[in-house]
Amino acid sequence: MMAALGALLVRDLKLAARVGGSGLLGVVFFLMLVTLIPFALGPDLNLLSRIGPAILWIAAVLATLIGLDRLFQGDEEDGSLDLMRMSHVPLELVVIVKGLAHWLTTGFPLALLSPLFGLLLAQEPDAMLAVMATLMVGTPALTFIGGIGAALTASLPRGGLILAVLVLPLMIPTLIFGVSAAQAAIGGTVPFLTPFLVLAALSLVAIVTGAVASAAALRGGG
Amino acid sequence: MPTSFLWGLANPTRFMALSARILPWMAALSAVVTAAGLYLALFSSPADYQQGETVRIMYIHVPAAWLALALYAIMSLSALGTLVWRHPLADVSQKAAAPIGAAFTLLCLVTGSLWGKPMWGTWWVWDARLTSVLVLFLIYLGILALWRAIEDPGQAARAVAILTLVGFVNIPIVKFSVDWWNTLHQPASVIRMDGATIDASMLWPLFTMAIGLTLLALTLHMSGMRSEILARRARSLTLKAADRAAERQRPLPLSAGSAGAGSA
Amino acid sequence: MKLAIDHLSCRRAGRLLIDDLTLTIAGGEALVVKGPNGAGKSTLLATLAGRLKPAGGTIRLVGDDATAGRGGEEDAPLAERAVLVGHRDGLKVALTAAENLVFAAAMLGAPATPAEAAAALDVFGLAHLADIPVGYLSAGQRRRVALTRLVLARFVPVDRPVWLLDEPTSALDAAAQEDLAHLMRQHLAGGGLIVAATHLPLGLEGARSLTLGSQAGYHDAADGWEFGA
């Protein structure tokens, strides 16, 4: 079973690297959003440094959403999802591995590169580190919550918009705790660890719920 | 026994017959109780010493908030009915409850906003309760959107049931996180409404309104279920008619035994 | 080993396509499912493959007394004992033919090396295309790569005796069709089972046939109830 899951992970990473580099595209989209916001707000560095963590988090939510609609849709269209459904591996684990591959190519590089984008938003070094840590811990929640929407819309030809409508409300708690942990690190009344641990818990809950719900959706019925 | 009663209704024909008899009575009852509640709320109850006449918004606002949650609970139970017990009416009930729940949630938001204007001096504040209800409204909208997006009713029912249950798990998390968020960003001058004890002269109108609107919601739910069943029957008949027409076009269907014969 | 279908009914988008189908396919037997478009051929295969849930009835793979140990039902559901080649190829165009097969082998329960995948491709005369992305291949070549999943069992320990084939010969030329027929005969001779949905002759003598379409019906229109247990 581990061999099968390993093969699935390798396959999905290869696909992400070869097909338009969707992971890289997420990072580019992230950069675009971070660039757009100062144009809307004005180049006030004080303001930007204050709301920088919020901007980075919103950008991360949207950038995660971008590639999610293809998480299961591509495999459903070409029939490779049938291979996974008929394998001896529980579909829940298939979902977790596919989510992991998606996170490794989207959430992980975003978190890794967020200090770079933090420079554009006049972030202090500790703020950058805090945002990076919260994104590392919080983006898996975004991937797996979004994965539920991706599984529910896998058979829809134009699932992108409806996916966003379905999952964005569910991502609000992650956003709240991600941003408050990052804000707490640069000063505030709350200690950093409280929201940070809640964020980690949200990610764990999202992985479990996401795996169960997505697998139930992919198992089909009809 | 409630379970066996529910299974007794599993036959749609029986449900249609029974609901046709109950529905007029429920409609009449909800009209009478709501009218009585409105009279009590608008005329015979006192104005608040602090809030004046605007307190009367409460008599709509609070029952709407209660029904927003109650209808989500009905949807979650129906979702379990679809996924676990495979009750044939469960997804009809889910589908009928969704727009009613969304409407009461919207009503709650609108009345909250109307109440907020004189109280807080602004149409909207990011108060923890209002914000939670707003997120609930967004979840309702997602469920309605998913119903419309998936063509096959069986497939749609399953997908919506999963989404409903995920939303159900999420609602307490949303409530918790919005409360947390709200205490972090406490707005400067908000008159908190909770904590104030409510006088009996206001409790009775509120109670009557809550019962009246609940009866209204149940009436709408039952009548929504009836129209959904009729819509599915119509769909089924249309499919049948389409197939009959197609058969007439193709007088000679492939017959058994002609192994390997090509077809048009 | 036998595949026992018992009072199976399948519904698709409100249509009752298969109503109360009961039949048994024994090891070494092939069932060819025929019928006009929309008669339920693909629905039947998808139901056997476990992608669609039956509206009623059961599908069981019953083992021989000797092989199944307990002389009864197989432990694994049919989907885990079957190889499906559906009307969609299940191939990723960005991956090479060998990479696609390595992945398929892992999903079928037996990891394969790229060399083993290339050897399997050779059965259909595709060994020279092993390292070419599937996106560069023609429709017929892709079909053959997909069909190669059936012969993986010769190279790695895949234990899936049931073949589920949906229009297996589409896009295949005469030579490839003959290759496929040959493989199917070998599979049957080895005690395997085949369920194939097709319009076209498969070159299987003595295969049983099932024609769908005429018996497709609805529940009583007066009730008009179209789904449920």
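Protein chains in written order, with this note's numbering: chain A, 1 to 222; chain U, 1001 to 1264; chain Z, 2001 to 2229. Where a beta carbon is used, it is the ideal one built from N, C-alpha and C, also for glycine. Since the model is a prediction, treat every value here as computed from it, not as a measurement.
Give the DSSP-derived three-state secondary structure of Val2158/Z in the structure shown. coil
If you draw a straight line from the C-alpha of Pro140/A to the C-alpha of Phe2103/Z, how long is it? 25 Å
Nearest to Leu8/A by CA position, among Ala2013/Z, Leu2101/Z and Arg2081/Z, is which residue? Leu2101/Z
Can you tell me whether Thr2058/Z is buried or exposed? The criterion is at least 16 other CB atoms within 10 Å of its CB, across all chains shown. exposed
Reduced DSSP category for Pro2133/Z - H, G, I as helix; E, B as strand; rest coil: strand
For a minimum of 4 consecutive residues, which ranges assigned as the alpha helix (DSSP H) are wholly contained in the segment 72-155 of chain A? 80-85, 91-105, 107-120 and 125-152
8 Å is my cut-off, CB to CB: does Ala213/A come that close to chain U? yes
For Leu152/A, would you say it is in contact with chain Z, using Cβ-to-Cβ distances shorter than 8 Å as the test? no
Residue interval of the alpha helix (DSSP H) (run including His2182/Z): Ala2174 to Ala2189
If I follow the unbroken alpha helix (DSSP H) through Val19/A, where does it start and stop? Looking at the DSSP string, Val19/A is not in any alpha helix (DSSP H), and its letter there is neither H nor E.
Near-chain A residues of the segment 2026-2058 of chain Z (beta-carbon distance less than 7 Å), N- to C-terminal order: Ala2049, Gly2050, Arg2051, Leu2052 and Lys2053
Using only the alpha-carbon positions, how far apart do Leu2048/Z and Asp2019/Z sit? 15 Å
To the nearest angstrom, how far is the alpha carbon of Trp2163/Z from that of Gly2192/Z? 8 Å
Are Pro2054/Z and Ser2009/Z touching if we call contact CB-CB under 8 Å? yes
Taking a contact to mean a Cβ-Cβ separation below 8 Å, would you say Ile1162/U touches Pro169/A in this structure? no
Taking only three categories from DSSP, how would you classify Ala2115/Z? helix
Could you tell me whether any Cβ in chain Z is nearer than 8 Å to the Cβ of Glu1228/U? no
C-beta neighbour in chain A for Ala1098/U, strict 8 Å: no
Using three-state DSSP, classify Ser2209/Z as helix, strand or coil. strand
Looking only at its own chain, which residues have a Cβ that is under 8 Å from the Cβ of Arg2012/Z, when we skip the five neighbours before and after it? Gly2040, Thr2043 and Leu2052
Cβ closer than 9 Å: which chain U residues qualify as neighbours of Ala2197/Z? Neighbours of Ala2197/Z on chain U: none; closest Cβ ~13 Å, over 9 Å.
Proximity test, Cβ basis, 8 Å: Asp78/A and chain Z: yes
Does Val19/A have its Cβ less than 8 Å from a Cβ in chain Z? yes
With a CB to CB cut of under 6 Å and the five nearest residues on each side skipped, what residues in its chain are close to Ser2170/Z? none
For Gly2140/Z, count neighbouring C-beta atoms within 10 Å of its own C-beta (all shown protein chains included) and say buried if the count is 16 or more, exposed if not. exposed
Close-in-space but distant-in-sequence residues of the same chain around Ala217/A (CB under 8 Å, 5 per side omitted): Ile148, Ala151, Leu152 and Ala154
Using a Cβ-Cβ cut-off of 8 Å (strictly less than) and excluding sequence neighbours within five positions of Val1133/U, which residues of its own chain qualify? Ala1065, Ala1068, Thr1105, Cys1108, Leu1109 and Gly1112
Let me see if you follow: with CB-CB separation under 8 Å, is Ala1188/U close to chain A or not? A caution first: Ala1188/U carries a pLDDT of 45, below 50, which makes its placement in the model unreliable, though a value can still be read off. Not closer than 8 Å to any Cβ of chain A, the Cβ of Ala1188/U fails to qualify, so no.
Please list, in chain order, all residues of the same chain as Ser1223/U whose beta carbon is under 7 Å from its beta carbon, the five residues on each side excluded. Leu1023
Go through its chain and collect everything with a Cβ distance to Phe29/A's Cβ below 7 Å, but skip five positions before and after it. Ala63 and Ile66
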